[in-house]
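>
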Amino acid sequence: MIDWNAMGDEEFRQEVRTFFEQNYPSELRYPPHRLRWAEIKGWYMTLAAKGWLAPTWPTLYGGMGLNPTKFLIFIEEQERWGVARTPDMGMTMVGPLLIKHGTEEQKSYYLPKILRGEHLWCQGYSEPNAGSDLASLKTSAIIDRDEFVINGQKTWTTLAQDATHIFMLVRTDPQAKKKQEGISFLLVDCKSPGITVRPIPNIAGNEEFCEVFFDNVRAPRANIVGELNKGWTIAKAMLGFERITLGSPKQSQYALGRLEILARQRGCFDDPVFLDKFTALQLDVADLVSVYARFVDIVKRGETLGPDVSLLKIWATETYSRISSLMVETAGAAGAIVGKVDFGGEPVDVLSSFYYARPAPIYGGTNEIQRNIIAKEVLGLPS
Amino acid sequence: MIDWNAMGDEEFRQEVRTFFEQNYPSELRYPPHRLRWAEIKGWYMTLAAKGWLAPTWPTLYGGMGLNPTKFLIFIEEQERWGVARTPDMGMTMVGPLLIKHGTEEQKSYYLPKILRGEHLWCQGYSEPNAGSDLASLKTSAIIDRDEFVINGQKTWTTLAQDATHIFMLVRTDPQAKKKQEGISFLLVDCKSPGITVRPIPNIAGNEEFCEVFFDNVRAPRANIVGELNKGWTIAKAMLGFERITLGSPKQSQYALGRLEILARQRGCFDDPVFLDKFTALQLDVADLVSVYARFVDIVKRGETLGPDVSLLKIWATETYSRISSLMVETAGAAGAIVGKVDFGGEPVDVLSSFYYARPAPIYGGTNEIQRNIIAKEVLGLPS
Amino acid sequence: MNANAMAAAAADRADERRLLKESVAAFVERCGGATRARAMRGRSPGFDRAVWREFADLGWLAVTLPEQYGGLGLSLTEMAVIAEELGGALAPEPVIEAITLAAGVLRHAGGSVADELLPPIAAGEIIPTLAWQESDGNFDPAHVAATATADTTGGIRLNGSKAFVPHADAADGFIVTARDEQGLALYWIPADAPGVEIVLRPLATGAMVGCVSMKQVEVAPTQRIAAGRHAADALHLAIDEATVMASAALVGLIGKALNMTLDYIKVRTQFGKPIGSFQAIQHRAVDLYIQCELAQGALGDALAAHTEAPRSKAAQAATSRAKARCSDVALLICREAVQMHGAIGFTDEYDLGLYLNRALVLAAWLGNSAQHRRRYAAIGNASTQEASA
Amino acid sequence: MNANAMAAAAADRADERRLLKESVAAFVERCGGATRARAMRGRSPGFDRAVWREFADLGWLAVTLPEQYGGLGLSLTEMAVIAEELGGALAPEPVIEAITLAAGVLRHAGGSVADELLPPIAAGEIIPTLAWQESDGNFDPAHVAATATADTTGGIRLNGSKAFVPHADAADGFIVTARDEQGLALYWIPADAPGVEIVLRPLATGAMVGCVSMKQVEVAPTQRIAAGRHAADALHLAIDEATVMASAALVGLIGKALNMTLDYIKVRTQFGKPIGSFQAIQHRAVDLYIQCELAQGALGDALAAHTEAPRSKAAQAATSRAKARCSDVALLICREAVQMHGAIGFTDEYDLGLYLNRALVLAAWLGNSAQHRRRYAAIGNASTQEASA
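Chains as they are written, first to last, in the working numbering: chain A, 1 to 383; chain B, 1 to 383; chain C, 1 to 389; chain D, 1 to 389.
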C-alpha cells in the first residue's frame, strides 16, 4: 500500500493530475449541475478500482489516508480538471461518522459496501418548516422492542432518488427540554417498507432534491449511531469541513470562464462598459481566491477553522450570483433562452449559472445565518 | 392685500420667478452649505419687506396665506433659482405652532418679531445620547413659582449661534410612565442667563450645529405652549411637512449638475464607463423626481401623507450620496483637494457634496428609522 | 375646460381605469392564473387560442386601435392597465407581442395591408408576430441584414433570417423587416409561405421563440406594408410602445412577486419567530418596496410622455428609462424573493419560479436594462445636440 | 532548504514582522496618534521633522534600502508593516511619499545622484518628493509634458508644471519628470532653485499638495538622475511600490475605522438597546468586515507578487488589484462608519472624520479605484497578448 503522505507535494499532485486527465470522461468535465448516478457511475467505479474513492479515510478501512495538505491537493486537482462530485455522502459523512462513532459491526458491514458502490447514501437532516433552524426537526422514532418506528418527513434531500440508504436525525425524546436534546442519529435502508421518495423538480429543470416520507418505517435498534438522544452533537461536529467547501471559488471561477467565452464571441471586450463590469468581478474572484487560500492554509496546518470561515460562503455565493447576472445581461436578447445557445463559437448555456446561483446562498445555512454567526462570534456584537 | 390663491397657477409662478430672479443675490445661488445670518440677512429683509417671509401663514398674521398648491409653486421656484434657505425655524415651526396652540399674548408678541427679523429661532429637540430616540430626552424644567428652571443640554441645534430664541422640549414630569409623557414645549430667550452655546465644527469645516447648555435657566411659565406635560403630541404633529422636504430631489439634482460640469471639463462624456455610471444616476434622480411628484400631489390635494413618504428620504439621500461619490471618483487625482478646483472651466468644489451627503441619511430620523417605519407601517411586517 | 372640469375628467378616467383593471384581473384569475401559465409551458402554441378570442370579445385587442378599424381608440395608458394585469397574472397570451408590437407596426404604417389585416387581428382571428431582429441580437431596428430584391416576374424575393421572433410557432404570419433599394421595408408573409423555415427554442417561461429563415420567399408587391422612412418610423414607434408595455407587464409582475414574498415572510417562522420580524429581512424588503415605487414612477412618466408627444425624443428617453428600471427591479425582486423564501423558492412547484422566469424573458426582450441605459444616454446626447444646433 | 526549515524561516519572519508592527504601533501612539494628526492640519510642514528624524533613527526610512546605501535591505513586506501601522495611526509623516516613492525612484535608478542623496535621505536629513503628474491628473507616468532642453552654456533648462506634488511645501527638493530628446528623463532640483514656483492647496487631511511650476529652471547635467528607458523603468517601479504601500496604509486605516465603529455600536444605545444588537446594523457590519478581509487578501497578494517578480506584469496587476480594492473599501467603511455613528460621526471633534479624510486622500492618490480597475484590465489584455504572441 502506498503511503501518499510520504510523497512530495508536487509529485503527488502530478500523480493525481495525470490520473484525472487520463481517466475522467471528458464529456463530464465541468457539468453545470449535479450528476445523477446513471451518469457518474462509471467514474465512481473507476475511482473505486483505483482505491481513490475515500481520500481521507484511514488506509485501515480502505481509504487513501491523506493528510489535510494532500487532501487539498487532491481537491484542487479535481477542481482544476472540472471533475464532477460523485454521490459522496457515504465517503464524506457516513464513513468518518462510523469510523469515529460506529460500532465494529456497523463499520465492517457498511464501509466496504460504500467503497464497492453498493451503498449510496443520502442525508436526512432538513424538514419542511425547519429551514435553517435544523434542530426544530419533528420526524419521530419510537422504540418498539428491538426496532425504531419512524414517522415524519425529510425534505431537500439531495439525490435521494439514487440513494440506497439514508442517514438521518430523528426525535427520540419529544419531552426533552431543549430542542437540541432528544435527537438521535439513525441509519436506514431506503428499501424499507413505508419510505416514499418524491423528487422535487427545481426551476432549473432538474431534480436534485427530494422529499422523503416515512410512514411507520422500521429500522433495527442496532442502526443507531452513538448514544440515544445524543445525535445532535454528532451531527454538528460533522459539519466542520463543509464550511470551507461551501466557500470554494470554484463555481465563481467556472462561471467567470463561461462569461468570458460568451463575451469574446459577442465582441464585448471591445466595450469599455462590459470590460469594467467584468474586471470588477475578476477582482472579486481574485480576492476570494486569496482569502480562501488563507483558510485552506489553516486546514493544511491541521488547525480548527474559526467562525470567520462563514465569510467565504457569503462572498463566494454572492460573487457567483453577480457573475451569473452579468452573464444574462451580456447575452442580451438571448438572455432568456433555455439550454446552450450558439453565439458563433462554443455554445454557451446562459441560464444554468443564473439558476444555480439561486440556491447557493441558501443551502448549508443561509447567508443570513452566516452573517448572524459572524456578527455574534467574530465581531462580538451584542444580542 | 393680494389674494394669491385666486391667481392662476402660471401667473403666480411667473410673479414669484420674476421676483426671485430680480432680487435674489446671484452670488448666493445654490450655496453648498447652510448660510449664516450675516450672509443671508439682506435677503431675509428683502422677503420681509415684500411680505413674503411667511408663505403659509394666514394673512391675518402677516403671511401670504398660500394654499398647498401655491406654496409648492413657491418652493419649486426657490429650488429652481437656487434660493438659499433662510433661518426659517420661526416661519416653519414657531409660527404654525403658535397660530394653532399659542395664547393670544404669545401670538401678538412673537409673530410680528419673526416677520421683522428681530427674532431668529432655533429648535431644541435633540439631546446627547438620544439620537433618533427623541422622546428619551432628559433636559428638565422644574416649576418654581411663576417660572420654569431649566437644566440640561441640547445638541445638533442648527445655527443656534445665530438664534435669539429657542423652542424646546423639556421633561416636566420625570415620574411619567411612558417616556413620551411628561414632556412640555417651551419658548426660551437665548440671552437668558445660564445658556451657553457651543458651535460644533463638522468635517466639512463648517459650524452648522451647536450644543446648547442650560444651567438653571429661568423662563416665565407663560412661555409654555399648549398644556403642561403634553408637549410631545404637539411636537410630533409639527413634523408633518418636514417629511416631504427631506425627500426633495433638490440636493441630488444640484450635485448631478455639478458632476456634469466637472465631467464635461474633464472630457468624461467620451468615456463610456463614466457615461454608464452617470446615466444610472440620472435615472435614479429622474425616478426620484417622479415619485416625489406623486407625494407633492397628495399635499396639493390637501390630503395627509402616509408613512410611505419615508421612502423619499431614503432614496433621495442615498442617491445624493452615490452622486457625491462619483464626483470624487471623477475628479481623479484632484478628488481630495478642499475647496473649488480649476479643471479648465468653471471651478468645481469636488468635496462639498461628498461631505454634505454624509449627514443627509442621518438627520430628520435616520434612514434606518425610516426603513423601520416602512417595514412596520407600510408593509405590515411583524415585530 | 376649466380646472374643475379637468379634475373631474381626470377622476373619471381614473375610475374607468380602475374598473378596467379589476375586470382584467378578475378574468385572468378565472382563466387559471399561475396554474394556467404552468400548464402552458413547453406547449405549442404556448397559449390558449380560445382565451385569445375571449380577449378579442372583451375588446382588449382593440384598445388602442383607431375607430376606423373597429377599435376603441384609447391611449397607451389604458393598454398599460391590461398589460400590467396580464403580466401580474402570468397570462401566456402574446398581447404585447401580437397587438402592441406586430399590429402596432401595421397601425402606424397604415395602407392597404393594415386595412386588410387589422380588423381580423382585432377580432382575434389572425395572430401576427414581428420578425425584426437579426441573430446577433442588435436591438437597433435600423440594423437589418435580410434583403428584399425584385425578381424577373414582378414579384419580390425575401432572403435572410430573423431571430428572437416571439411565438413563431403560433403566429399566422410574420411582419418582417428587410433591406431594399429604398432602405428599410416591411413585408407581410403568411406563416406557411414556401421558403420559410422556423427553428424553435424554448424560453425560460416555456414559450417558444423562433429563428425564422427565409430562402427566396416570394411576396407580391401588395404584401409590402411600408418602405423607407415611413416604414422605419412605424417600426420605431411600435417597438417603443411595446417596450413601454413590457415595462407595464414587469410592473405587474414586480408587485405580485413582492406581495407573495411579503405574505410568505409574515407567516414563515424560523427560530420561533416569523422571518419577516428580523430587521435585516425587513430592511431588504423595504429596499425592494422602494424599487417597486421607482418602477411605477418610471412607467408612469413613460406613459405620460407617449400621451404628450408620442414620437418625441422625450418619449423615447422615457421609454428606455422605464424599461431599464423595470427590468432591473423585476430581476432584483425575483432574486431576492427566492433568497427570502429559502429552498422552497427554488422548487418548480412553487409559483415564484414562474415569476422569475417571466422576469428573465421580459427583461431580455426588446433590450435589457444595460442596453436601454445606453440608449437613454445616446438620446440625451442627441437631444442636447439638437437643442444646441 | 527542506520543507521544515522553510516553515521555520517563515515563522521567524512572521515573528519579526509582528515585533516590528508592535514597535511601530507603540511609537506612533506615544507620538500622539490621532491627536497629533488633528494638530498638524493646515500647518506647513504638515508633519513633524523631529518625529521624522526619530523615524530615521529607528531605521524605518532605510528598511528597503540596499545595504550599500546604509539601508537594511529588507523587502517591501516589511515596509508594508510600517505603512499599515502609520496609516492606522494617521501619522502625517510622508514616509510613502518621500521614501517609497521619491527615494524609491533614486534607488531603482541608481547612479551618482542616488549615491549622493540616498544616505542623507535615509538619515532623515533630506526629504525629497516626486513631481511626476501633469495638471490633467493623468496617472500614466509616461504622460509627461514638461520639457528639458539643452541651453547654450552646456546646462539644461526645465519648463513646465507638475501637479499633485505631495508635501511640496516641506520637501527639500523635487525629483521631476521631463521630456527630452531621449524620451523621459528624471532630474533632481532643490526646492529653492530659481524659476521654481509652488502653489499650494490643502487636501482633506489638512496636508498641502503643490503645483510646482518650472520656468527656465537651470540644472546641471549632474542633476540628471536617469534618462530614457532606464528612467521610465525606475519611475514605474517606484510608483507601483508606493501604490502597494498606499494600499497597506489604507488597510491599516480600514481596520481602525471598522474597530472604532464596532466599539461604538456595542455601547451606543437607542430605544433601550445597543445599536449593535439590531440585525440590520449587524449584517452591514459583517459586510464591512468581509470587505476588510478582501482588502487584506489583495494587499497580501500584491506584496507576494512584488517579492516573487517585482517588475512583472503579474506584480503590476496585483498592485492595481490591491489599490482598487483598498481604496473602495476604505471609502465604503468610512462612509458607513459615519452613518452608523450618527450625527457625532460628522463632527470635527470626533476622530472618525480624520479617518474619512485620510481615506479620501489615499484613495485619490496614485490612481483611484476606477483608474486601477481599468489599468488591471489593460495589463490583463497586454499579458494575454504577450502569452499568445
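For every residue, glycine included, the Cβ atom is placed at its ideal position computed from N, Cα and C.
Going by C-alpha distance, which of D:Asp-48, D:Gly-88, D:Ala-226 is nearest Tyr-391 (chain D)?
Limits of chain D in this structure are 1 at one end and 389 at the other, which puts residue 391 (chain D) out of reach.
> So is Ala-285 (chain C) in contact with chain D if we call contact Cβ pairs under 8 angstroms?
Translated into the one-based positions of the third sequence, residue 285 (chain C) becomes position 285. Not one chain D Cβ lies under 8 angstroms of Ala-285 (chain C).
> Confirm, please, whether the CB-CB distance from Val-188 (chain B) to Leu-98 (chain B) is below 8 angstroms.
The residue labelled residue 98 (chain B) in the question sits at position 98 within the second sequence. The residue labelled residue 188 (chain B) in the question sits at position 188 within the second sequence. Contact flag unset, no.
> Starting from Leu-184 (chain D), follow its DSSP beta bridges and name the residues at the other end.
Residue numbering aside, residue 184 (chain D) sits at position 184 when the fourth sequence is read from its first letter. Leu-184 (chain D) is bridged to D:Arg-179.
> In chain A, which residues lie with their C-beta within 7 angstroms of the C-beta of Phe-47 (chain C)?
One-based indexing of the third sequence puts residue 47 (chain C) at position 47. By Cβ distance, chain A contributes nothing, its closest Cβ being about 17 angstroms from Phe-47 (chain C), past 7 angstroms.
> Taking all protein chains shown into account, do 16 or more other C-beta atoms lie within 10 angstroms of the C-beta of Leu-340 (chain C), making it buried, or fewer, making it exposed?
Counting from one through the third sequence, the residue named residue 340 (chain C) turns up at place 340. The amino acid at residue 340 (chain C) is misidentified as Leu; the sequence shows Met. Flag for Met-340 (chain C) reads buried.
> What are the boundary residues of the beta strand (DSSP E) that includes Asp-189 (chain A)?
The residue labelled residue 189 (chain A) in the question sits at position 189 within the first sequence. From DSSP, the beta strand (DSSP E) with Asp-189 (chain A) extends over 183-189.
> Please report whether the beta-carbon of Ala-389 (chain D) lies at a distance below 8 angstroms from any beta-carbon of chain A.
Numbered from its first residue, the fourth sequence carries residue 389 (chain D) at position 389. Confidence at Ala-389 (chain D) is low in this model, with a pLDDT of 40, below 50, so the placement of that residue is unreliable and no value is reported for it.
> Return the CA-CA distance between Lys-236 (chain A) and Arg-325 (chain C), expressed in angstroms with no decimal places.
Here the question's residue 236 (chain A) lines up with position 236 in the first sequence. Here the question's residue 325 (chain C) lines up with position 325 in the third sequence. Their Cα atoms are separated by approximately 44 angstroms.
> Any C-beta of chain C within less than 7 angstroms: which residues of the segment 359-371 of chain B qualify?
If the cut-off is 7 angstroms between Cβ atoms, the segment 359-371 of chain B has Arg-371 near chain C.
> Answer with buried or exposed for Asp-287 (chain B), where buried requires no fewer than 16 other C-beta atoms within 10 angstroms of its C-beta.
Translated into positions along the second sequence, residue 287 (chain B) becomes position 287. With 16 or more other Cβ atoms within 10 Å, it is buried.
> Quick one: using the 10 Å Cβ neighbour count with 16 as the cut-off for buried, is Glu-127 (chain B) buried or exposed?
Mapped onto the second sequence, residue 127 (chain B) falls at position 127. So Glu-127 (chain B) ends up on the buried side.
> Say whether chain C places a C-beta atom closer than 8 angstroms to the C-beta of Phe-278 (chain D).
As a working mapping, residue 278 (chain D) is identified with position 278 in the fourth sequence. With 8 angstroms as the cut-off, Phe-278 (chain D) counts as an interface residue toward chain C.
> Give me the subset of the segment 285-304 of chain A whose CB atoms are less than 7 angstroms from a CB atom of chain B, sorted by chain position.
Correct list: empty, as no residue qualifies.
> Nearest chain B C-beta to Ile-126 (chain C) closer than 8 angstroms, yes or no?
Residue mapping note: residue 126 (chain C) aligns to position 126 of the third sequence, counting from 1. So, not an interface residue.
> Using DSSP with H/G/I as helix, E/B as strand and the rest coil, what is Asp-144 (chain A)?
For the purposes of this step, residue 144 (chain A) is taken as residue 144 along the first sequence, with counting starting at 1. In the structure shown, Asp-144 (chain A) sits in a strand (DSSP, three-state: E or B).
> Would DSSP call Val-158 (chain C) helix, strand or coil?
Here residue 158 (chain C) refers to the residue found at position 158 when the third sequence is read from its first residue. Reading the sequence as shown, one finds Leu at residue 158 (chain C) and not Val. Of the three classes helix, strand and coil, the one that applies to Leu-158 (chain C) here is strand, per DSSP.
> Give me the Cα-Cα distance between Val-212 (chain C) and Ala-80 (chain C), rounded to the nearest whole angstrom.
As a position in the third sequence, residue 212 (chain C) is number 212, starting the count at 1. As a position in the third sequence, residue 80 (chain C) is number 80, starting the count at 1. Cα to Cα, Val-212 (chain C) sits roughly 29 angstroms from Ala-80 (chain C).
> Can you pull out the residues from the segment 294-328 of chain D whose beta carbon lies closer than 7 angstroms to at least one beta carbon of chain A?
Answer set for the segment 294-328 of chain D: Leu-294, Gly-297, Ala-298, Gly-300, Asp-301, Arg-321, Ala-324, Arg-325.
> Given a limit of 8 angstroms on CB to CB distance, which residues of the segment 308-336 of chain A reach chain C?
Taking 8 angstroms as the Cβ-Cβ cut-off against chain C, the residues of the segment 308-336 of chain A that qualify are Ser-321, Ser-325, Val-328, Glu-329, Ala-331, Gly-332, Ala-333, Ala-334, Gly-335, Ala-336.
> Hey, is the segment 147-154 of chain A in contact with the segment 206-215 of chain A, meaning 3+ C-beta pairs nearer than 8 angstroms?
Counting Cβ pairs under 8 angstroms, three or more are found: they touch.
> Between Val-209 (chain D) and chain B, is the shortest Cβ-Cβ distance under 8 angstroms, so that the two count as touching?
On the fourth sequence, position 209 is the one that residue 209 (chain D) refers to. It does: the Cβ of Val-209 (chain D) has a partner Cβ on chain B nearer than 8 angstroms.
> Whose C-beta lies closer than 8 angstroms to the C-beta of Thr-149 (chain C) among residues of the same chain, with five residues either side of it excluded?
As a working note, residue 149 (chain C) is residue 149 in the third sequence. For Thr-149 (chain C), where only same-chain residues beyond five positions count, the Cβ hits under 8 angstroms are Ile-156, Arg-157, Asn-159, Asp-180.
> Any chance the segment 305-324 of chain A sits against the segment 250-263 of chain A, with 3 or more Cβ pairs inside 8 angstroms?
Cβ pair count under 8 angstroms is three or more, so yes.
> Counting only C-beta atoms, is Pro-272 (chain A) closer than 8 angstroms to chain C at any point?
As a position in the first sequence, residue 272 (chain A) is number 272, starting the count at 1. No, because no Cβ of chain C sits closer than 8 angstroms to the Cβ of Pro-272 (chain A).
> Is Gln-385 (chain D) buried or exposed, if buried means 16 or more other CB atoms sit within 10 Å of its CB?
To locate residue 385 (chain D), count along the fourth sequence from 1; it is residue 385. Note that Gln-385 (chain D) has pLDDT 47, beneath the 50 cutoff, so the model's placement of it is unreliable and no number is given.
> CA-CA distance, Gly-82 (chain B) and Ile-254 (chain D)?
Translated into the one-based positions of the second sequence, residue 82 (chain B) becomes position 82. Translated into the one-based positions of the fourth sequence, residue 254 (chain D) becomes position 254. One C-alpha to the other measures close to 38 angstroms.
> DSSP three-state call for Asp-193 (chain A): helix, strand or coil?
Start at 1 with the first residue of the first sequence, and residue 193 (chain A) comes out as number 193. First, the amino acid is wrong: residue 193 (chain A) is Pro here, not Asp. If DSSP states are grouped into helix, strand and coil, Pro-193 (chain A) belongs with coil.
> For Ala-370 (chain D), which three-state DSSP category applies?
Residue numbering aside, residue 370 (chain D) sits at position 370 when the fourth sequence is read from its first letter. Three-state result, Ala-370 (chain D): helix.
> When DSSP builds the beta bridges, which residues end up paired with Ser-213 (chain C)?
Residue mapping note: residue 213 (chain C) aligns to position 213 of the third sequence, counting from 1. Partner(s): C:Ser-161, C:Glu-197.
> Counting contacts by CB-CB distance shorter than 8 angstroms, is Tyr-376 (chain D) in contact with chain A?
For the purposes of this step, residue 376 (chain D) is taken as the residue at position 376 of the fourth sequence. Yes, because at least one Cβ of chain A sits closer than 8 angstroms to the Cβ of Tyr-376 (chain D).
> So is Leu-381 (chain A) in contact with chain B if we call contact Cβ pairs under 8 angstroms?
Along the first sequence, one-based indexing puts residue 381 (chain A) at 381. False, the Cβ-Cβ gap to chain B never drops below 8 angstroms.
> If we count Cβ pairs, one from each stretch, closer than 8 angstroms, do we get three or more for the segment 271-286 of chain C versus the segment 278-292 of chain D?
As far as the Cβ criterion goes, the segment 271-286 of chain C touches the segment 278-292 of chain D, which means the pair count is three or higher.
> Using 8 angstroms as the Cβ pair cut-off and three pairs as the minimum, do the segment 184-202 of chain A and the segment 159-169 of chain A touch?
With the cut-off at 8 angstroms, the segment 184-202 of chain A and the segment 159-169 of chain A touch.
> If you reduce the DSSP assignment to three classes, tell me which class Ala-14 (chain C) lands in.
As a first step, residue 14 (chain C) is located in the third sequence; it is residue number 14 there, counting from the start. Correct three-state label for Ala-14 (chain C): helix.
> Considering only the alpha carbon of each residue, which of C:Arg-201, C:Glu-218, C:Asn-357, C:Ser-75 lies closest to Gly-210 (chain C)?
For the purposes of this step, residue 210 (chain C) is identified with residue 210 of the third sequence, where counting begins at 1. Of the candidates C:Arg-201, C:Glu-218, C:Asn-357, C:Ser-75, the one whose C-alpha sits nearest the C-alpha of Gly-210 (chain C) is C:Arg-201.
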